[in-house]
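J.: Just so you know, the protein sequences line up as chains A and B, in that order.
Per our numbering, the very first residue in the first sequence carries number 5; after that it's consecutive.
Per our numbering, the very first residue in the second sequence carries number 447; after that it's consecutive.
Dropping a structure here in structure tokens format, bear with me for questions.
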Amino acid sequence: MKRRMLVSWAAIVVAAVVTVGCGSESPTGPSANGIVVQGVVLGEGTSFSAADTQTSASSAKKVTVKVEGTSFSVDVSASGTFQFTGIPSGTFTLIFLADGVEIGRVVVTAEEGSEVKIVVQVTDATLVLVELKVENPDASDDDGDGSSCVVNGGKAGERIELEGNVTSGSSSQFNLSVTGRSSTDVVVNAGSASFKCNGSPKTMTDAECKASVKPGAKVHVRGTLMSCTTAQVTASEVKVQK
Amino acid sequence: MRGGPALALAASLGFAASLASAAPRGGAAGGSNAPSLFAGYSYAEAGDANLQGLGLSGSYPLGDALNLVVDLSAHGGSFAGTDFGQIGLLAGARWTRWYGRFQPFAEGLFGSVRTSVTVTSGDVRLEDADADWGLALGGGVDYRLNARWSLRGLVHLRLLQGEGAWDSDPRLALGAVFRLGR
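Rendered as structure tokens:
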């Protein structure tokens, strides 16, 4: 009797381990094929650069990610991860909600079989896109990660310097009409960047310098091209030209 | 990881508990409860990320079947282009019995798990780290090779709270146990 019970439990354990250990997040939508989206949501206190890493308190808000116009919906895990499988190919919009309140959207275009990797940062009431990569399974690119593209001579994952005029947004995130670039604006995430105001009075505070980043301002941005799909740059330095 | 956590928890606890209750105390090939050290390979999930690393633990007997356990684990891996690192330090109690060469056990631990996520792209590096309180419930089996050495397999279900959500992440470990003080 006891032996039979042990055998039964052993069978259940094996089944459980296989289910738990090998199983992945089940699709939260109608299709098993299509696009895979893997994402990470960083908390508010995310630190920046190699020299400045620190432990930070993460947002206590429950973050949910939805795909607009579909039944795809998933809660971000305690570790900050989320995953969708089977999103139909084409253009779709990821909607991020904190405690049920929308905090931001990210538009993604991907082909059938693509793997989308997205990293965002959630602050009080805003969403900052940190990185977005669309990896096509048969893409032949020159850097091997499926995310090759060129924006003003810079490639995804590489350093880039841009100059242009701010068209919208504020110091933490703004759209930049890049000088000599005729296509759409470049989105600059500058939440962790250092700011300098050229030609400004020495008494100008950091906050005043940041406040001068507004539509019409001419800026020089140094940073890394994070995504080609939407021309996203994470800035390490922003110089506001007088 | 959200699929089947209740099943895993019930199964692992039930398996270890049933083995422990079915087994005769101090079986022929068994022995008295003794302090022990464990080291081995460890696999864990952190949400949707699969991590691998090292598990270390020590136990000290508080009676014939009850032990105080301290468990330290370090895991790493990647997900969505980010690097994950996770260090857990938990302590709790373990119930164990001998069954011939087998020593099944069930345990419940409480402690803290620190998870860090690093994104590196070009010269930009972002890091987010936070420590969450959590529970680990599970069990396993030791297979005695000789008086001092055993092989151990264990499964934990770690319940962690963070980012406004609860994770129920499985952890599996396999390694060697060294018994002290015989």
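Glycine included, every Cβ here is placed at the ideal spot set by N, Cα and C.
Starting from the Cα of B/V623, find the closest Cα among B/G527, B/T561 and B/L502 and give me that residue.
T.: Nearest of B/G527, B/T561 and B/L502 to B/V623, Cα basis: B/L502.
J.: Determine the closest residue to B/L591 out of B/G531, B/D615, B/V570 and B/G546, with distance taken between C-alpha atoms.
T.: Per the Cα distances, B/G546.
J.: Pairs of beta-carbons, one from the region 524-532 of chain B and one from the region 561-581 of chain B, closer than 8 Å: are there three or more?
T.: Yes: the two stretches touch, three or more of their Cβ pairs being nearer than 8 Å.
J.: Nearest CA to the CA of B/Y489: which residue from B/R625, B/L626, B/D613 and B/G621?
T.: Of B/R625, B/L626, B/D613 and B/G621, the residue nearest in Cα terms is B/G621.
J.: Using the Cβ count rule (16 or more neighbours within 10 Å means buried), how would you classify B/L583?
T.: Label assigned to B/L583: buried.
J.: Tell whether a beta-carbon distance below 7 Å holds between B/L605 and B/P616.
T.: Not in contact: B/L605 and B/P616 (Cβ atoms no closer than 7 Å).
J.: Tell me whether A/A82 sits in a helix, a strand or coil according to DSSP, three-state version.
T.: Coil.
J.: In terms of residue numbering, what span does the beta strand (DSSP E) encompassing B/D630 cover?
T.: The structure shown does not extend to residue 630 of chain B, since chain B is modelled only from 447 through 628, so no value can be given for it.
J.: What first and last residue would you give for the beta strand (DSSP E) that runs through A/E241?
T.: Taken as a continuous stretch (DSSP letters only), the beta strand (DSSP E) holding A/E241 covers Q236 to V244.
J.: Where does B/Q498 land, buried or exposed, given buried means 16+ other C-beta within 10 angstroms?
T.: By the neighbour-count rule (16 or more Cβ atoms within 10 Å), B/Q498 is not buried but exposed.
J.: Which residues in the same chain as A/C201 place their Cβ atom closer than 7 Å to its Cβ, once the five residues preceding and following it in sequence are excluded?
T.: Correct list, in chain order: M208, C213, S216 and V244.
J.: Residues of chain B with CB under 7 Å from A/D79, in chain order?
T.: Within chain B, the residues near A/D79 are A611.
J.: Round the Cβ separation of B/A492 and A/D79 to the nearest angstrom and send it over; I've been treating them as touching at under 8 Å.
T.: About 15 Å; that fails the 8 Å criterion.
J.: Give a yes or no on whether 7 Å exceeds the smallest Cβ distance from B/G527 to chain A.
T.: Cβ-Cβ to chain A under 7 Å: yes for B/G527.
J.: So what does DSSP say about A/K3, is it helix, strand or coil?
T.: Given that chain A is displayed from residue 5 to residue 246, the structure contains no residue 3 of chain A and the question cannot be resolved.
J.: Across which residues does DSSP place B/F525 in a beta bridge pair?
T.: Answer by DSSP bridge pairing, in chain order: B/T528.
J.: Give me the residue from A/V191, A/T89 and A/F76 with the minimum Cα distance to A/V41.
T.: Comparing Cα positions, the closest option is A/T89.
J.: Output the boundary residues of the beta strand (DSSP E) element that contains A/P219.
T.: That residue, A/P219, is in no beta strand (DSSP E); it is neither H nor E in DSSP.
J.: Starting from the beta carbon of B/L445, find every residue of chain A whose beta carbon is closer than 7 Å, and list them in chain order.
T.: Here chain B has residues from 447 to 628 only, and residue 445 of chain B is not among them.
J.: Is the CB of B/A582 under 7 Å away from at least one CB in chain A?
T.: For B/A582, the answer is no, since every Cβ of chain A falls outside 7 Å of its Cβ.
J.: Output the boundary residues of the beta strand (DSSP E) element that contains A/K70.
T.: Unbroken beta strand (DSSP E) run through A/K70: V67 to V71.
J.: Taking only three categories from DSSP, how would you classify A/N202?
T.: Of the three classes helix, strand and coil, the one that applies to A/N202 here is coil, per DSSP.
J.: Cβ closer than 7 Å: which chain A residues qualify as neighbours of B/V563?
T.: Result: V44, L46 and G84.
J.: Please report the Cβ distance between A/I122 and A/G38, rounded to the nearest whole angstrom; I am assuming they are in contact, meaning their Cβ atoms lie under 8 Å.
T.: Contact doesn't hold; Cβ gap of about 16 Å is too wide.
J.: So which residues on chain A does B/G557 lean against when the C-beta distance must stay under 9 Å?
T.: Those do not exist, as B/G557 stays about 15 Å from chain A at its closest Cβ, beyond 9 Å.
J.: Any C-beta of chain B within less than 7 Å: which residues of the region 127-140 of chain A qualify?
T.: Here the close residues are V134, E135 and K137.
J.: Which residue or residues does DSSP assign as beta-bridge partners of B/N496?
T.: Answer by DSSP bridge pairing, in chain order: B/E491.
J.: Under the three-state reduction of DSSP, which class applies to A/E115: helix, strand or coil?
T.: Note: A/E115 maps to coil in three-state DSSP.
J.: In the DSSP assignment, what residue or residues form a beta bridge with A/V126?
T.: DSSP lists A/L131 as partners of A/V126.
J.: Do A/A114 and A/K65 have their beta-carbon atoms positioned less than 7 Å apart in this structure?
T.: No, the Cβ-Cβ distance between A/K65 and A/A114 is not below 7 Å.
J.: By Cβ distance below 8 Å, which residues in the same chain neighbour A/E106 in space, the five residues on each side in sequence not counted?
T.: If we look at A/E106 and ignore the five residues flanking it on each side, its Cβ neighbours are I99 and F100.
J.: Per DSSP, which one or two residues make a beta bridge with A/L166?
T.: DSSP lists A/V225 as partners of A/L166.
J.: B/G493 CB to nearest chain A CB: under 7 Å?
T.: Judged by the 7 Å Cβ criterion, B/G493 is in contact with chain A.
J.: Does the beta carbon of B/D574 sit closer than 7 Å to a beta carbon anywhere in chain A?
T.: Cβ-Cβ to chain A under 7 Å: yes for B/D574.
J.: Tell me the DSSP bridge mates of B/P481?
T.: DSSP lists no partner for B/P481.
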